[in-house]
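Peer 1: Please find one structure pasted underneath; my questions will follow.
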Amino acid sequence: MDAYKAYLTAYMEAYDGEGDGNGFDEGARAMAIGELSSVGFGADVNAFPFEMFVTQFGAMDYAAFAASNG
C-alpha cells in the first residue's frame, strides 16, 4: 500500500492536467495530494480517494499497479 501511495504522490506531482478537460490547477493538485496523505494503511484501494486518482486523473488502479510491480 505504501508503494502505491508513493506512486500516486509522484504521479500527481508530475501531473499537468493536459487534456483532462477539468481545469486542473495547483489547487487541485494540492487537494489530491492532501487527500492521499490522510489515507491510512489498509484503506480500501477501490474507494475515495484512490478512485479519484484513477477516474479523474488517469493513474493506474491498485490491481494494475500491483501487476506492473509484481
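In the working numbering, the protein residues as written are 278 to 347. Note that beta-carbon positions come from the ideal geometry of N, C-alpha and C, so glycine has one too.
(1) Please state whether the Cβ-Cβ distance between phenylalanine 350 and alanine 309 is less than 8 Å.
(2) Tell me the DSSP secondary structure of aspartate 321 in three-state form.
(3) Once DSSP output is grouped into helix, strand and coil, what is the label at glycine 283?
(4) Using the three-state DSSP reduction, which class does serine 345 fall into: helix, strand or coil?
(5) What's the gap between the Cα of asparagine 323 and the Cα of tyrosine 339?
Peer 2: The relevant details are as follows:
(1) Residue 350 cannot be examined here, being either before or after the span of the chain that is shown, 278 to 347.
(2) Secondary structure of aspartate 321 (DSSP, three-state): coil.
(3) Reading the sequence as shown, one finds alanine at residue 283 and not glycine. Judged by DSSP in its simplified three-state form, alanine 283 adopts helix.
(4) helix
(5) 8 Å
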